[in-house]
Amino acid sequence: MKRFSFFIAAFAMICFASCGAKRSQAYYEKPSQVLSANYDGSYVIRVQVRAKDAVIAFTDGQRKAVEEVIFKGVKSGSSGIADLKPLCFDMNAREKHEDYFNAFFVDGGAWTQFSNLKDKRVGSTRYLRDGRQMVESVTVTVDRAGLKKKLQEDGIIPKEGRY
899 MKRFSFFIAA
909 FAMICFASCG
919 AKRSQAYYEK
929 PSQVLSANYD
939 GSYVIRVQVR
949 AKDAVIAFTD
959 GQRKAVEEVI
969 FKGVKSGSSG
979 IADLKPLCFD
989 MNAREKHEDY
999 FNAFFVDGGA
1009 WTQFSNLKDK
1019 RVGSTRYLRD
1029 GRQMVESVTV
1039 TVDRAGLKKK
1049 LQEDGIIPKE
1059 GRY
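Numbering (the working numbering), first residue to last: 899 to 1061.
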């Protein structure tokens, strides 16, 4: 009788242990934010990316920041800093100039000239790890003035005064 009650108790404990709450794998992406503006026409932007390790996260963060400055614009993250409007107001610019932007955003492409991690400070990178990947907030400096000049020279956006 004692053995029978032991097996029932063990079975009940296993059943109750497996009925725990499931962990959510939901991912809520925070929008990118402009943290500060520099006098040379560059902006410090914080973006959030998912990656397997820190090196990939920093590269993807830089690429994402440049892409958002060109196509989406970036919201202000602190008081006193204005929202950044997108450089390219044409909604279909990515499709119209697909060959140009595919070559521009390739690994080690022209986008690397306009982004860097020079304003990265200790503690400015925040990350959350699970077993497979990490979510990182990366602080990137984007040379918006140089990027605008390059896109105007290449004929992607119109020259000044044509907007």
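The beta carbon of each residue, even a glycine, is placed where N, CA and C say it ideally should be. These numbers come from a predicted model, not from an experiment.
Boundaries (first-last residue) of the beta strand (DSSP E) holding residue i
i	result
Val-942	940–949
Leu-933	931–935
Asp-1041	1032–1041
Residues of its chain near residue i, where Cβ-Cβ distance is below 7 Å and the 5 sequence neighbours each way are ignored
i	result
Leu-985	Val-967, Ile-968, Leu-1045, Lys-1046, Leu-1049 and Ile-1055
Ser-922	A caution first: Ser-922 carries a pLDDT of 49, below 50, which makes its placement in the model too unreliable to give a value.
Asp-1017	Val-942, Thr-1037 and Thr-1039
Close-in-space but distant-in-sequence residues of the same chain around residue i (CB under 6 Å, 5 per side omitted)
i	result
Lys-1057	Gln-1050
Ser-903	none
Reference residue i; option with closest CA among the options
i	options	result
Arg-1042	Lys-983, Ala-949, Gly-959 and Ser-976	Lys-983
Arg-944	Asp-1052, Thr-1039 and Gly-1053	Thr-1039
Asp-981	Met-989, Asn-990, Asp-988 and Gly-971	Gly-971
Glu-965	Ile-912, Tyr-937, Ala-991 and Ile-906	Ala-991
Nonlocal neighbours in the same chain, by C-beta distance under 8 Å from residue i, ignoring five residues either side
i	result
Asp-1052	Tyr-998
Ile-979	Val-932, Leu-933, Ser-934 and Ala-935
Within 8 Å, strictly: CB atoms of residue i and residue j
i	j	result
Ser-930	Ala-963	yes
Val-942	Asp-958	no
Glu-1034	Ala-935	no
Gly-975	Val-932	yes
Arg-961	Phe-1002	no
Element boundaries [alpha helix (DSSP H), containing residue i]
i	result
Ala-963	952–965
Asn-1000	996–1002
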